Amino acid sequence: MKPLFHVVLFQPEIPDNTGAIGRTCVGVGAKLWLVRPLGFQIDSRRIKRAGLDYWEYLDVEVVNCWVDLTQRLAKKRFWFMSKKVETVYTDVQFASDDVFVFGCETKGLPNQMMQENSTKSLKIPISPNARCLNLSVSVGIMVFEAKRQIALQQK
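Note that the sequence shown ends on residue 166 in this note's numbering; no numbers are left out.
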């Protein structure tokens, strides 16, 4: 079955987040892509515990590097998530087959990647008192907004 859209975790570090994100991807019909290096083993019990019994239904693929991913998804539209940009995620129109790229929990996305994709970079606005949202929460916000928009387009 063709995924509604794609979620990319660039060098994720925390297996519990990846498991929860996998569960969310199953819930919205998204494919999960993991870009190495990973901060855990893909068969980690912590991933499967966080993903519960949804993991067997998850469409997930691990790629060795960013170049491999961009070659695999070459004709798709990418969106890059960062707290360091100005465009708010609700200010753009998402479409089926879009790709949402999230950085690792401690460093986010590399500066060069963000500079090269500044016109396709989005943020989730948060209080200045909060340093950042949990990665799995950010993914949930993005994919459910994208799903909401796509559902409205289909009406």
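Glycine included, C-beta positions come from ideal geometry on N, C-alpha and C.
Please read these numbers as outputs of a predicted model, since none were measured by experiment.
Which residues DSSP lists as bridging residue i, in chain order
i, result
"L15", "Answer is none; L15 lacks a bridge partner."
"S129", "Note: S129 sits in no beta bridge, so no partner."
"V73", "L45"
"V134", "Note that residue 134 is Lys in the sequence shown here, rather than Val. BP columns for K134 point to V99."
"F21", "V46"
Sequence-distant residues of its chain with Cβ nearer than 8 Å to residue i (five each side left out)
i, result
"V154", "F16, V18, T35, C36, V39, A41 and F111"
"L120", "F21, F91, M92, S93, V112, F113 and G114"
"K166", "none"
Environment of residue i [buried if 16+ CB atoms lie within 10 Å]
i, result
"C115", "buried"
"L163", "exposed"
"M12", "exposed"
"V99", "exposed"
"A157", "buried"
Where the alpha helix (DSSP H) through residue i begins and ends
i, result
"V148", "L146 to Q164"
"V78", "W77 to R83"
"Q35", "Checking the displayed sequence, the identity of residue 35 turns out to be Thr instead of Gln. Where T35 is concerned, the enclosing alpha helix (DSSP H) stretches over P26 to V39."
Residues of its chain near residue i, where Cβ-Cβ distance is below 6 Å and the 5 sequence neighbours each way are ignored
i, result
"V96", "S132 and K134"
"S147", "N28, A31 and I32"
"S129", "none"
7 Å CB neighbourhood of residue i in its chain, flanking five on each side removed
i, result
"E24", "G50, C115, E116 and T117"
Residue i: first and last residue of the uninterrupted beta strand (DSSP E) it sits in
i, result
"L110", "The sequence shown places Val at residue 110, not Leu. V110 -> beta strand (DSSP E) spans V110 to F113."
"W90", "F89 to M92"
Rounded separation between residue i and residue j - CA only
i, j, result
"S149", "W77", "21 Å"
"S138", "L144", "10 Å"
"P14", "A141", "33 Å"
"R88", "P26", "27 Å"
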